[in-house]
Each structure stands twice: as C-alpha cells, then as structure tokens.
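Taking my numbering, the leading residue of the sequence shown gets 351, the next gets one more, and so forth.
Below: one structure, written as structure tokens.
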Amino acid sequence: MAQNNAPQGNDMPHSAHGKPFKGKHHNKNGLPRGFDDLGLTDAQKNKIKSIMEKSRPAKPSADTQETRRQAFMQKMQQRQAQEQQLMTSKTFNEQAARNMIAERQQERANMEKEHAERELQMMKTQHEVFQVLTPAQQNKFLENQKEHQKRFEQMRKQHNAK
351 MAQNNAPQGN
361 DMPHSAHGKP
371 FKGKHHNKNG
381 LPRGFDDLGL
391 TDAQKNKIKS
401 IMEKSRPAKP
411 SADTQETRRQ
421 AFMQKMQQRQ
431 AQEQQLMTSK
441 TFNEQAARNM
451 IAERQQERAN
461 MEKEHAEREL
471 QMMKTQHEVF
481 QVLTPAQQNK
491 FLENQKEHQK
501 RFEQMRKQHN
511 AK
C-alpha cells in the first residue's frame with residue numbers, strides 16, 4: 351500500500367482562521383490545480399510538492415513588511431510635498447518636475463523587471479513539475495488544459511453577451 355507523506359495537521363500553512371491554507375492555485379492535496387485526475391503516484395506527488403516548496407519565495411517577516419510599508423508611506427508623503435511645492439511655487443521648475451517623472455519611471459521599470467523575474471521563475475517551476483509527469487500524464491494534462499480553456503472562453507462569451 352502506498353504511503354501518503356503529504357504534510358498533515360500543523361505541517362500545513364494555516365490561515366488567520368486556523369484552517370489549512372491551500373491558495374487559489376492549489377487543490378486540497380497541496381498540488382497545483384489540474385493535477386487531481388492524472389493518477390499521480392505518491393512519489394510523483396512528493397516530488398511535485400518538493401518542487402513547489404523550494405520555488406516558493408520566503409515570506410518577509412512582519413518587521414520587514416512594516417519597515418517597507420513605512421518607507422513607502424514616507425516616499426509618498428515626500429512626493430506629495432514635492433508636487434505641492436511645484437504647484438504652489440511662483441514659477442514652475444520644469445527640471446524638478448522632469449526629475450520627479452524620471453524617478454517614477456525608473457521605479458516602474460524596476461518593478462516590471464522584478465515582475466518579469468517572478469514570472470520567469472514561475473515558468474521554470476511549471477516546466478520542472480511537468481517533467482515529473484509520464485508522457486501519458488503530460489498528454490492528459492494538456493487535454494485538460496484545452497478543455498478548461500474552452501469552458502473559460504464559453505463563459506467569457508456568455509458574460510460579454512449580457
């Protein structure tokens with residue numbers, strides 16, 4: 351008989367309500383959505399869970415989150431003060447305005463770069479998980495994805511028709 355080595359009880363992350371957290375992209379077994387009916391072996395399940403766990407970014411501590419939040423709020427207050435100073439000045443300082451705009455554009459570019467890196471890591475993880483599947487399981491997974499996409503398109507058409 352196969353042994354289930356999935357995390358149990360307190361080993362699973364929990365929500366604020368004390369219930370195991372599954373996340374919107376995972377099923378009740380802690381596996382990515384769409385893997386329920388592939389007939390995975392326990393070894394495959396454990397391998398996939400291991401891949402998913404190692405790819406999950408470390409959650410910043412509450413102190414780190416609070417520090418980031420405070421820095422963000424301070425930066426927003428500084429921007430607001432700079433904008434107000436530009437607006438209330440007798441003469442418009444175009445260079446100061448251009449500098450503020452350039453700074454914001456650089457911050458957006460940095461955020462987009464970080465987002466692209468997270469997206470790349472997610473694609474690498476998806477590839478690694480897909481490689482755990484047998485060829486038959488890979489085909490079934492792809493068929494299931496096509497069916498899911500068809501249902502999504504039908505729902506979208508119905509929604510847009512209203």
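Ideal Cβ positions, reconstructed from N, Cα and C, are used throughout, including at glycine.
Buried versus exposed, by CB contacts within 10 Å (16 or more), residue i
{"i": "Pro407", "result": "exposed"}
{"i": "Glu493", "result": "exposed"}
{"i": "Leu390", "result": "buried"}
{"i": "Pro382", "result": "buried"}
{"i": "Lys500", "result": "exposed"}
{"i": "Lys395", "result": "buried"}
{"i": "Lys496", "result": "exposed"}
{"i": "Phe502", "result": "exposed"}
Nonlocal neighbours in the same chain, by C-beta distance under 7 Å from residue i, ignoring five residues either side
{"i": "Ala446", "result": "Leu436"}
{"i": "Glu478", "result": "Ile401"}
{"i": "Asn354", "result": "Below a pLDDT of 50, predicted positions are generally treated as unreliable, and Asn354, at 43, falls in that range; the measurement from the model is reported next regardless. Answer for Asn354: Asp392, listed in chain order."}
{"i": "Gln471", "result": "Ser405"}
{"i": "Met426", "result": "none"}
Residue interval of the alpha helix (DSSP H) (run including residue i)
{"i": "Thr417", "result": "Ala412 to Thr438"}
{"i": "Arg448", "result": "Glu444 to Val482"}
{"i": "Ala393", "result": "Asp392 to Ser405"}
{"i": "Ala511", "result": "Pro485 to Ala511"}
8 Å Cβ shell around residue i - same chain, five flanking residues per side excluded
{"i": "Phe491", "result": "Gly384, Phe385, Leu388, Phe480 and Leu483"}
{"i": "Thr475", "result": "Ile401, Met402 and Ser405"}
{"i": "His498", "result": "Gly384"}
{"i": "His375", "result": "A caution first: His375 carries a pLDDT of 49, below 50, which makes its placement in the model too unreliable to give a value."}
Cutoff 6 Å; reference residue i; Cβ partners in own chain excluding five residues on either side
{"i": "Lys397", "result": "Val482"}
Expected contact under 8 Å - CB spacing of residue i and residue j to nearest Å
{"i": "Met461", "j": "Gln432", "result": "With a Cβ gap of about 20 Å, Met461 and Gln432 do not count as contacting."}
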